[in-house]
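Chains as they are written, first to last, in the numbering used here: chain A, 522 to 718; chain B, 522 to 718.
Protein chains: 2
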Amino acid sequence: MSQANHQTILANIARHIELTPAEQARFIQLLTPKTIKRKQFLLNAQQVARHVAFVTAGCLRAYTIDDNGFEHVLQFAPADWWITDMYSFISQHEGDLNIDAIEDTEVLLLSRQDQLQLFDDIPKFERFFRIITEKSMVSSRKRLIDNLSLTAQERYNTFCNYYPTLINTIPQKQIAAYIGVTPEFLSKMRAQASKKG
Amino acid sequence: MSQANHQTILANIARHIELTPAEQARFIQLLTPKTIKRKQFLLNAQQVARHVAFVTAGCLRAYTIDDNGFEHVLQFAPADWWITDMYSFISQHEGDLNIDAIEDTEVLLLSRQDQLQLFDDIPKFERFFRIITEKSMVSSRKRLIDNLSLTAQERYNTFCNYYPTLINTIPQKQIAAYIGVTPEFLSKMRAQASKKG
DNA sequence: CGTCTATTTGAATGTACTCAAAAGCGGTGG
DNA sequence: CCACCGCTTTTGAGTACATTCAAATAGACG
Numbered sequence: 522m523s524q525a526n527h528q529t530i531l532a533n534i535a536r537h538i539e540l541t542p543a544e545q546a547r548f549i550q551l552l553t554p555k556t557i558k559r560k561q562f563l564l565n566a567q568q569v570a571r572h573v574a575f576v577t578a579g580c581l582r583a584y585t586i587d588d589n590g591f592e593h594v595l596q597f598a599p600a601d602w603w604i605t606d607m608y609s610f611i612s613q614h615e616g617d618l619n620i621d622a623i624e625d626t627e628v629l630l631l632s633r634q635d636q637l638q639l640f641d642d643i644p645k646f647e648r649f650f651r652i653i654t655e656k657s658m659v660s661s662r663k664r665l666i667d668n669l670s671l672t673a674q675e676r677y678n679t680f681c682n683y684y685p686t687l688i689n690t691i692p693q694k695q696i697a698a699y700i701g702v703t704p705e706f707l708s709k710m711r712a713q714a715s716k717k718g
Numbered sequence: 522m523s524q525a526n527h528q529t530i531l532a533n534i535a536r537h538i539e540l541t542p543a544e545q546a547r548f549i550q551l552l553t554p555k556t557i558k559r560k561q562f563l564l565n566a567q568q569v570a571r572h573v574a575f576v577t578a579g580c581l582r583a584y585t586i587d588d589n590g591f592e593h594v595l596q597f598a599p600a601d602w603w604i605t606d607m608y609s610f611i612s613q614h615e616g617d618l619n620i621d622a623i624e625d626t627e628v629l630l631l632s633r634q635d636q637l638q639l640f641d642d643i644p645k646f647e648r649f650f651r652i653i654t655e656k657s658m659v660s661s662r663k664r665l666i667d668n669l670s671l672t673a674q675e676r677y678n679t680f681c682n683y684y685p686t687l688i689n690t691i692p693q694k695q696i697a698a699y700i701g702v703t704p705e706f707l708s709k710m711r712a713q714a715s716k717k718g
């Protein structure tokens, strides 16, 4: 089981860098497996994000709560995705992201401290995280543009294309909190669309 | 003049990594200075972003044009900022960002090819760009949250705090295109605010 | 000075929100 | 196994924030 998870994370890394068996072993040693049951938290706002998490099964979500008590979802992380509160993780200061589990989830944790040590010892890992951070940056930019230029209906369609496997897993309320509309309005949009299509 | 620009970029880099004089010289050798006059383009959508630019004087802006012809500004880059079309730069495929000059601007260009070579030769540079990409990611995330949770007036206030030096330099129209409102509405908000304050 | 673009102002409109209530759905315990 | 409870989703009426369109004014640049 744990072995299978290790294969998953090594395959994920192998998309961008090549590791020797010794480097793989060194890396695996730094990982802490953890199970997060549905509705339990991996991280709370006002905590420091000591780790970055790699999801091997299940699905996490990262969200903030604004001054009016509304949730805004920044990211869903199904299997094979990385997730953390980047601000808190890189600064090691108190953050503002909550990360909890939409369903029972398994992750492998890598601490910032171990990550930085790894960067010193094996520069290929710094390359790997440089690359996935560049890619995250591109997604984040794309999402910002979508929010600025698309209507709610178009953002919903974009979401369905981006997370096709999750549409039937994630409560509608949380999809609404991702695309930036009220749950009521998302419901109305869907009613409209099913009339037409 | 060029020497002063080199000092600026070396100081920028020195915030995150320490270079030997030889490494500094190697790096400086890779830079191409360029002047972009007001309203001229550093990059057009449908081009490949071959370079990342470091601004030494003036101010650039990066924006997209959506299907309805509206501009959306992703970033302003005054002196001491880095700017590129990240998607196009890392993939070396055709992008969708335009980058032009708000005022006469001087930049130092580093090509993707030279950057990647530098990463192989001097891993400290990979660290530097890893760090600034992490920080860009944090800003991008913060801006997304602001767009999801704040009113137009609050986003304008946030903008004024984030780019305090630019408020009197940048045309209002382009501030509107950054915070995500029409120029007319920004004008009305300002009229309201000046009545009260 | 004249032209072109940016900004202001106003009236009408629309997209999405608020508040309220009903219906649906899933999990839990008797 | 079914009934109940809590939470999610639906539906509706009224509202608000921001847009659209139009026209006037102000400003910048050659």
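We treat Cβ as the ideally placed atom computed from N, Cα and C, and that holds for glycine.
Every value quoted in this text rests on a predicted model; they were computed, and no experiment measured them.
With residue i as the anchor, note down where its alpha helix (DSSP H) starts and where it stops.
i, result
"THR529/A", "523-535"
"GLN695/B", "693-700"
"ARG662/B", "644-670"
"ALA673/A", "673-683"
"GLN596/A", "Run containing GLN596/A: none in the alpha helix (DSSP H); it sits in the beta strand (DSSP E), 592-599."
"ILE611/A", "607-612"
Cβ closer than 7 Å: which chain A residues qualify as neighbours of residue i?
i, result
"SER670/B", "ASP587, PHE591, HIS593"
"PHE680/B", "Those do not exist, as PHE680/B stays about 13 Å from chain A at its closest Cβ, beyond 7 Å."
For residue i, which residues in chain A fall below 8 Å Cβ to Cβ?
i, result
"GLU655/B", "MET607, ILE611, THR654"
"MET658/B", "MET607, THR654, SER657, MET658, SER661"
"PHE562/B", "Near PHE562/B there are no residues of chain A at all, since even the closest Cβ is about 19 Å away, more than 8 Å."
Select from the options the residue whose C-alpha is nearest the C-alpha of residue i.
i, options, result
"GLU592/B", "ILE666/B, ALA543/B, ILE700/B", "ILE700/B"
"ARG536/A", "MET710/A, PHE706/A, ARG648/A, CYS681/A", "ARG648/A"
"ALA673/A", "ALA714/A, SER657/A, THR690/A, ASP635/A", "ALA714/A"
"ALA598/B", "GLN567/B, GLY616/B, GLN613/B, ILE557/B", "ILE557/B"
"VAL702/A", "LEU639/A, ILE653/A, ARG676/A, LEU637/A", "ARG676/A"
"GLU615/B", "ASN533/B, ILE696/B, VAL569/B", "VAL569/B"
"PHE640/B", "LEU639/A, LEU637/A, PRO644/A, GLN638/A", "PRO644/A"
"SER612/A", "LEU637/A, GLU705/A, GLU624/A, GLN695/A", "LEU637/A"
"TRP603/A", "ALA566/A, GLY590/A, ILE534/A", "ILE534/A"
"ALA698/B", "PRO542/B, VAL594/B, ARG582/B", "VAL594/B"
"ALA574/A", "VAL659/A, THR585/A, MET607/A", "MET607/A"
"ILE691/A", "SER670/A, PRO542/A, ASP635/A, ASP625/A", "ASP625/A"
"THR541/B", "ASP635/B, GLY590/B, PHE646/B", "PHE646/B"
"LEU551/A", "ASN619/A, ASP635/A, LEU564/A", "ASP635/A"
"ILE623/A", "ASN689/A, LEU707/A, ALA543/A", "ASN689/A"
"ASP587/B", "LYS663/A, GLY590/A, SER708/A", "LYS663/A"
For residue i, return the contacting residues in chain B, with the cut-off set at a CB-CB distance below 8 Å.
i, result
"GLU647/A", "PRO644, GLU647, ARG648, ARG651"
"GLY579/A", "Here the premise fails: no neighbours, minimum Cβ distance about 23 Å."
"PHE706/A", "Within 8 Å Cβ-Cβ: nothing; PHE706/A doesn't reach chain B, min ~14 Å."
Got a sec? Which residues, its chain only, sit under 7 Å from residue i by beta carbon, not counting five neighbours each side?
i, result
"ASN526/B", "PRO554, THR577, GLU627, LEU629"
"LEU564/A", "ALA570, ASP606, LEU618, ASN619, ILE620"
"GLN567/A", "GLU615"
Looking at the unbroken beta strand (DSSP E) that takes in residue i, where does it start and where does it end?
i, result
"ASN619/B", "619-632"
"PHE562/A", "562-564"
"ILE549/B", "That residue, ILE549/B, is in no beta strand (DSSP E); its alpha helix (DSSP H) goes 542-550."
"VAL569/A", "Neither: VAL569/A is in no beta strand (DSSP E) and is coded neither H nor E."
"THR703/B", "Premise fails: THR703/B is in no beta strand (DSSP E) and is neither H nor E."
"ILE557/B", "553-557"
So which residues of chain B does residue i contact, with C-beta pairs closer than 9 Å?
i, result
"ILE666/A", "THR585, ASP587, HIS593, LEU595, ASP617"
"PHE548/A", "None at all; the shortest Cβ gap to chain B is about 17 Å."
Just to confirm my understanding: we take residue i, look at its own chain, exclude 5 residues before and 5 after, and list those with CB closer than 8 Å. What are they?
i, result
"GLN545/A", "LEU531"
"HIS572/B", "THR553, THR605, PHE610, LEU630, LEU631, SER632, ARG633"
"ALA600/B", "THR529, VAL576, THR577, ALA578, GLY579, CYS580"
"LEU687/A", "CYS580, PHE597, PRO599"
"LYS671/B", "Reading off the sequence, residue 671/B comes out as Leu, not Lys. Result list for LEU671/B: THR679, in chain order."
"SER708/B", "GLN693"
"SER523/A", "PRO554"
Less than 8 Å separating the beta-carbons of residue i and residue j?
i, j, result
"ARG559/B", "PHE650/A", "no"
"ASN668/B", "LEU665/A", "yes"
"ASP617/B", "PHE562/B", "no"
"PRO704/B", "GLN693/B", "yes"
"GLU655/A", "THR654/B", "yes"
"GLN695/A", "ARG547/A", "no"
"SER661/B", "MET710/A", "no"
Can you pull the chain A residues whose beta carbon is under 9 Å from the beta carbon of residue i, in chain order?
i, result
"PHE575/B", "Here the premise fails: no neighbours, minimum Cβ distance about 17 Å."
Tell me which same chain residues have a C-beta within less than 6 Å of the C-beta of residue i, skipping the five on either side of it?
i, result
"ILE549/A", "HIS527"
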